[in-house]
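Q:
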Amino acid sequence: MSFEDWYRQDRLPHIFCAGCGNGTIINCTLAAIEQMAWKKEETVFVSGIGCSSRAPGYIAADSLHTTHGRAIAFATGVKLANPDLNVVVFTGDGDLAAIGGNHFIHGCRRNIDLTVVCMNNQIYGMTGGQGSPTTPRGCISSTTPYGCAETPFDLCELAIASGANYVSRWTSYHVKELEKSVLAGLQTPGFSFIEALVQCPTAFGRRNKFKQVSDQVDYLRTHTMLKAKRDRLLDQGQHIPPDMYIVGELARRNRPALGVK
Amino acid sequence: MTQIEFWQGNTACAEGALAAGCRFFGGYPITPSTEIAEHMALKLPKKNGVFIQMEDEIAGIASVIGASWTGARAMTATSGPGFSLMMENIGYAAMTETPCVIVNVQRGGPSTGQPTMGAQGDMMQCRFGSHGDYSVIALCPASVQEMYELTVKAFNLSDEYRVPVFLMADEIVGHMREKIVVPDSVPYVSRKELVRGMPPFRVDIDLIPGFPQFGKGYGVHVTGLTHDERGYPCATNPKLHEALVKRLVNKIESARHTIANYEILNPDANQVFIAYGAPVRTVQQVMHDHPDKNIGFLRLRTVWPFAEFALKEFKNAKRFLVPELNLGQIAREIERYVDIPVISLPKLGGDLHTPAELLAALEVPQ
Amino acid sequence: MKLAIDETRCKGCNLCTKVCPYKIFKEGKKANRRGIIIPELDRPERCSNCRLMHLYGRTLCGVCQLICPDQAIHWVEEQPYEPQKVAIEY
């Protein structure tokens with residue numbers, strides 16, 4: 007059995023734009039779940055609203071496509087009421103960090119046994135490309151037409167500070183690493199947060215000088231730095247370019263968790 | 030062996046929920062409903078249930094809906110401001126046909142208003158608060174005994190009709206202490222299960238789909254988007270949307286004769302009081318003090334869906350008098366159905382109507 | 175097992191052309207009926223990971239399938255005794 011068997015074949019092809027990285031992230035997550043050998047009937051996918059949150063609709067398991075930002079709150083109810091279920095949350099940057107920020111930090115604080123996969127495309131894709139809490143400074147979106155003047159959230163730092171047991175960041179280019187990372191998240195009891203930077207050619211790339219899908223993927227590839235390398239460079243007192251995304255496993259610990267079966 | 034207790038309304042509500050089999054409570058503290066959460070926090074863990082205090086009321090109702098999909102009977106309790114926060118997810122519960130019970134111990138509004146004073150200002154909000162068209166069930170207890178009984182009923186109705194059910198109590202009933210007879214068992218209506226192999230949102234003549242519990246291998250997709258009978262999003266099909274919304278409304282409205290729970294006293298009277306919730310008690314006092322006056326009384330336990338057919342029982346009625354702790358929310362609903370005068374007797378501020386005030390209203394020439 | 179691209183699903187993003195270690199996927203030239211330029215397979219028999227999948231009983235590389243956002247890349251069974259040109263690259 008491969009991860010392809012987890013898809014609702016009658017619903018494909020999905021609604022994501024050509025070149026959108028969300029499909030890649032779903033592949034990696036399902037491949038990790040496949041390695042966990044979870045059964046479909048004991049797995050529940052929960053999501054909020056947005057491009058990323060359409061993911062559970064394509065997966066042939068019980069899935070809850072909820073209201074904007076509230077996915078983690080719904081998932082908390084599912085997990086606590088039946089700890090035997092494995093609960094995976096798909097969410098996006100706007101869904102998780104803007105409207106759902108409160109539920110996110112409290113999910114981390116409770117350290118409830120969920121695995122949250124955030125597809126961070128740094129923009130509101132479904133509504134047509136408005137600035138989100140993770141839009142980098144200076145980037146153009148339809149609500150930041152003169153360049154984003156706000157400092158973006160570092161979602162992983164937020165999760166670590168709030169107390170999540172497992173935190174990692176990868177991009178849609180690093181598929182194998184992402185798969186392993188999601189697997190580690192699924193295996194870790196407590197709150198696991200995996201941020202996956204994804205390209206959004208339609209709403210983000212088009213406005214920010216990424217003419218082709220591959221241009222933005224190349225950017226993600228060249229602007230990521232392993233945590234180990236960052237630490238080494240810091241030890242040597244060297245400069246880290248400010249536009250680098252630190253990737254890799256950023257936290258793994260064993261704080262008391264809630265809802266573990 | 031029934032048991033006689035002296036309980037607060039909120040305690041009775043929590044005990045009723047426990048007796049009805051509620052095993053999940055997700056909520057947020059808010060006066061005057063907090064005692065329900067406190068009592069559930071005390072008792073649920075001992076009954077193998079889950080109590081969780083969420084980060085806000087939005088998360089509270091969200092966790093309740095999530096828990097409900099795993100098959101648990103789930104509830105939350107709140108008051109005005111929290112109720113306003115819950116509205117979006119209440120619409121979600123209506124759209125996805127999730128059984129859940131929401132207790133609203135009403136307080137004076139708008140906004141923070143009067144946290145420790147009773148009111149009935151949320152009666153229209155519970156019916157129309159979330160966006161779009163849908164229909165819900167709302168029950169109004171007038172005593173501690175009814176806090177218990179109607180909570181049980183709320184769970185049964187919610188599971189039977191797959192709809193959010195509101196227990197619209199008020200601070201007066203919620204904080205009142207009274208004698209209550211606790212039955213040793215309560216009625217239990219279980220959710221209709223989905224037949225294996227059937228699309229999860231296909232309905233029979235009763236318009237209520239079978240419940241595909243999470244974790245049982247149904248592989249159901251639940252979405253707040255307009256969905257077809259397979260549960261798949263299909264948001265741009267006008268006919269499908271119309272059919273879905275009409276069904277959500279009709280499954281409740283067409284069953285209102287079954288759902289309705291009311292009491293009629295003196296159906297031949299000329300002057301008829303209509304009341305629900307705490308004002309019922311004042312009307313009862315007036316009727317008790319003046320048995321000679323031949324006052325009619327329609328006492329509503331279910332306010333939504335509105336039992337307009339009950340109004341027709343009063344054949345000789347010359348006018349309806351509606352004492353409410355709001356500016357006439359249900360009086361206006363009654364006006365839609367009758368052609369005799371409907372006198373609204375509003376009262377704001379947290380005090381109940383006094384019997385003298387109701388008597389004075391009776392004396393006003395017609 | 176040999177690689178195949180599902181033309182009904184591919185949206186022509188060319189991400190597969192970026193990741194294959196053998197450079198088997200290359201950008202297509204002609205638009206199909208839906209106006210999508212599907213990548214072409216350049217001598218897919220060169221992929222030893224695909225060929226050895228049966229022997230090892232698991233997916234060996236599979237990066238093209240993982241990265242394909244449209245779930246369009248999969249493997250099909252080869253016909254028994256299907257003649258294969260073995261290409262050796264130096």
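Residue numbers (my numbering), protein chains in the order written: chain L, 7 to 267; chain D, 30 to 395; chain W, 175 to 264.
Idealized CB from N, CA, C, for every residue including glycine.
Closest by CA to Thr-49(L), which one among His-20(L), Ile-55(L), Ser-58(L) and Ala-38(L)?
A: Locating residue 49(L) in the first sequence gives position 43, where the first residue counts as 1. The residue with the shortest Cα to Cα distance from Thr-49(L) is Ala-38(L).
Q: Please state if the CB of Arg-175(L) and the CB of Pro-262(D) are separated by a distance shorter than 9 Å.
A: Taking the first residue of the second sequence as 1, we reach residue 262(D) at position 233. Taking the first residue of the first sequence as 1, we reach residue 175(L) at position 169. Contact: no.
Q: What number of angstroms, rounded off, separates the C-alpha of Glu-47(L) from the C-alpha of Gly-196(L)?
A: Mapped onto the first sequence, residue 47(L) falls at position 41. Mapped onto the first sequence, residue 196(L) falls at position 190. Spanning the two alpha carbons is a distance of roughly 21 Å.
Q: Following the continuous beta strand (DSSP E) through Phe-35(D), name the residue where it begins and the one where it ends.
A: Taking the first residue of the second sequence as position 1, residue 35(D) is located at position 6. Segment 32-37, the beta strand (DSSP E) holding Phe-35(D).
Q: Answer yes or no: does any C-beta atom of chain D fall closer than 9 Å to that of Gly-134(L)?
A: Within the first sequence, residue 134(L) is the residue found at index 128, counting from 1. Taking Cβ atoms only, chain D never reaches closer than 9 Å to Gly-134(L), which makes this a no.
Q: What is the rounded straight-line gap between the Cα of Thr-383(D) and the Cα of Val-95(L)?
A: Your numbering for residue 383(D) matches position 354 in the second sequence. Your numbering for residue 95(L) matches position 89 in the first sequence. Straight-line Cα distance between these residues: approximately 54 Å.
Q: Give a yes or no on whether 9 Å exceeds the smallest Cβ distance from Tyr-121(D) to chain L.
A: Within the second sequence, numbered from 1, the residue matching residue 121(D) stands at position 92. Yes, Tyr-121(D) lies at the interface with chain L (some Cβ there is under 9 Å from its Cβ).
Q: For Ala-167(L) and Gly-107(L), I'd like the C-alpha separation in whole angstroms.
A: On the first sequence, position 161 is the one that residue 167(L) refers to. On the first sequence, position 101 is the one that residue 107(L) refers to. Computed Cα separation, rounded: 13 Å.
Q: Buried or exposed: where does His-286(D) fall if 16 or more other Cβ atoms within 10 Å of its Cβ makes it buried?
A: Taking the second sequence and counting its residues from 1, the one referred to as residue 286(D) is at position 257. Looking at its Cβ environment, which holds fewer than 16 other Cβ atoms inside 10 Å, His-286(D) is exposed.
Q: Residues in its own chain within less than 6 Å of Ser-159(D) by CB, not counting five upstream and five downstream?
A: Within the second sequence, the letter at position 130 stands for residue 159(D). Excluding sequence neighbours, Ser-159(D) sits near Met-116, Ile-119 and Gly-120.
Q: Residue ranges of each beta strand (DSSP E) run of no fewer than 3 residues wholly in the region 304-352 of chain D, ordered along the chain?
A: For the region 304-352 of chain D, whole beta strand (DSSP E) runs of length 3 or above, ordered along the chain, are 324-329 and 331-333.
Q: Grouping DSSP H, G and I as helix and E and B as strand, with all else coil, what is Ala-91(D)?
A: In the second sequence, counting from the first residue as 1, residue 91(D) sits at position 62. Correct three-state label for Ala-91(D): helix.
Q: Starting from Pro-262(D), follow its DSSP beta bridges and name the residues at the other end.
A: Here the question's residue 262(D) lines up with position 233 in the second sequence. BP columns for Pro-262(D) point to His-256(D).
Q: In the region 46-77 of chain D, which residues sit with their C-beta less than 8 Å from some C-beta in chain L, listed in chain order?
A: So the close ones are Arg-52, Phe-53 and Gly-55.
Q: Determine which residues of the region 200-221 of chain W have a Cβ less than 8 Å from any Cβ of chain L, and write them out in chain order.
A: Per Cβ criterion, the list reads Ile-210.
Q: Residues bridged to Leu-203(L) by DSSP?
A: The sequence position of residue 203(L) within the first sequence is 197, counting from 1. According to DSSP, which records beta bridges pairwise, Leu-203(L) is partnered with Asn-126(L) and Thr-177(L).
Q: Roughly how far, in whole angstroms, is the beta-carbon of Glu-86(D) from the beta-carbon of Gly-111(D), given that I think they are within contact range, below 8 Å?
A: One-based indexing of the second sequence puts residue 86(D) at position 57. One-based indexing of the second sequence puts residue 111(D) at position 82. The Cβ separation is near 4 Å, so the contact holds.
Q: So with Cβ pairs under 9 Å, would you call Asn-33(L) a contact of chain W?
A: Mapped onto the first sequence, residue 33(L) falls at position 27. Yes, Asn-33(L) counts as interfacial toward chain W.
Q: On the three-state DSSP scale, how would you describe Pro-216(D)?
A: The residue you call residue 216(D) lines up with position 187 of the second sequence. Three-state result, Pro-216(D): coil.
Q: Just the Cα atoms here: how many angstroms apart are Ala-41(D) and Ile-288(D)?
A: In the second sequence, residue 41(D) corresponds to position 12, counting from 1. In the second sequence, residue 288(D) corresponds to position 259, counting from 1. Their Cα atoms are separated by approximately 22 Å.
Q: For Asp-199(D), does the three-state DSSP call read helix, strand or coil?
A: Your numbering for residue 199(D) matches position 170 in the second sequence. In the structure shown, Asp-199(D) sits in a strand (DSSP, three-state: E or B).
Q: Nearest CA to the CA of Cys-51(D): which residue from Ser-62(D), Pro-128(D) and Ala-360(D)?
A: As a working note, residue 51(D) is residue 22 in the second sequence. The shortest C-alpha separation from Cys-51(D) is found at Pro-128(D).
Q: Compare the C-beta of His-245(L) against all C-beta atoms of chain D and say whether one is closer than 9 Å.
A: Translated into the one-based positions of the first sequence, residue 245(L) becomes position 239. It does not: the Cβ of His-245(L) has no partner Cβ on chain D nearer than 9 Å.
Q: Report all residues from its chain with a CB closer than 6 Å to the CB of Leu-102(L); omit the five preceding and five following residues, and keep chain order.
A: By 1-based counting over the first sequence, the position of residue 102(L) is 96. Within the same chain, Leu-102(L) has close Cβ partners Phe-110 and Cys-124.
Q: Residues of chain W with CB closer than 9 Å to the CB of Phe-22(L), please, in chain order.
A: The residue labelled residue 22(L) in the question sits at position 16 within the first sequence. Lys-185, Pro-243 and Asp-244, listed in chain order.
Q: Are there 16 or more other CB atoms within 10 angstroms of the CB of Phe-216(L), so buried, or fewer, so exposed?
A: Residue mapping note: residue 216(L) aligns to position 210 of the first sequence, counting from 1. Counting Cβ neighbours within 10 Å, Phe-216(L) comes out buried, since at least 16 surround it.
Q: I'd like to know if Lys-197(W) contacts chain L, where contact means its C-beta is closer than 9 Å to some C-beta of that chain.
A: Stepping through the third sequence from its first residue, residue 197(W) is reached at position 23. Taking Cβ atoms only, chain L never reaches closer than 9 Å to Lys-197(W), which makes this a no.
Q: Write down the C-beta distance between Phe-199(L) and Ser-92(D) rounded to the nearest angstrom, noting that I regard them as a contact closer than 8 Å.
A: Along the first sequence, one-based indexing puts residue 199(L) at 193. Along the second sequence, one-based indexing puts residue 92(D) at 63. Phe-199(L) to Ser-92(D), Cβ: 19 Å. No contact.
Q: Decide if Leu-168(D) is buried, meaning its Cβ has at least 16 other Cβ atoms within 10 Å, or exposed.
A: Residue numbering aside, residue 168(D) sits at position 139 when the second sequence is read from its first letter. When all chains shown are included, Leu-168(D) counts as buried.
Q: Under 9 Å, Cβ to Cβ, is there at least one residue of chain D near Val-266(L)?
A: On the first sequence, position 260 is the one that residue 266(L) refers to. No, Val-266(L) lies away from the interface with chain D (no Cβ there is under 9 Å from its Cβ).
Q: Quick one: Cα of Ile-241(W) to Cα of Tyr-179(L), how far?
A: For the purposes of this step, residue 241(W) is identified with residue 67 of the third sequence, where counting begins at 1. For the purposes of this step, residue 179(L) is identified with residue 173 of the first sequence, where counting begins at 1. The alpha-carbon atoms of Ile-241(W) and Tyr-179(L) are separated by roughly 7 Å.
Q: What first and last residue would you give for the alpha helix (DSSP H) that runs through Pro-144(D)?
A: Sequence index remark: in the second sequence, residue 144(D) carries index 115 (1-based). It is not in any alpha helix (DSSP H) - Pro-144(D) instead sits in the beta strand (DSSP E) that spans 143-147.
Q: Return yes when the Cβ of Ala-209(L) is within less than 9 Å of the Cβ of Tyr-130(L), no when it is not.
A: In the first sequence, counting from the first residue as 1, residue 130(L) sits at position 124. In the first sequence, counting from the first residue as 1, residue 209(L) sits at position 203. Against a cut-off of 9 Å, the Cβ pair of Ala-209(L) and Tyr-130(L) comes out as a contact.
Q: Would you give the residue range spanned by the alpha helix (DSSP H) that Lys-192(W) belongs to?
A: Locating residue 192(W) in the third sequence gives position 18, counting from the first residue. Here the alpha helix (DSSP H) through Lys-192(W) covers 190-193.
Q: Can you grab the Cα-Cα spacing for the pair Phe-9(L) / Gly-150(D), in whole Å?
A: For this step, residue 9(L) is matched to residue 3 along the first sequence. For this step, residue 150(D) is matched to residue 121 along the second sequence. C-alpha separation (whole angstroms): 52 Å.
Q: Does chain L have any CB closer than 9 Å to the CB of Lys-176(W)?
A: To locate residue 176(W), count along the third sequence from 1; it is residue 2. Not one chain L Cβ lies under 9 Å of Lys-176(W).
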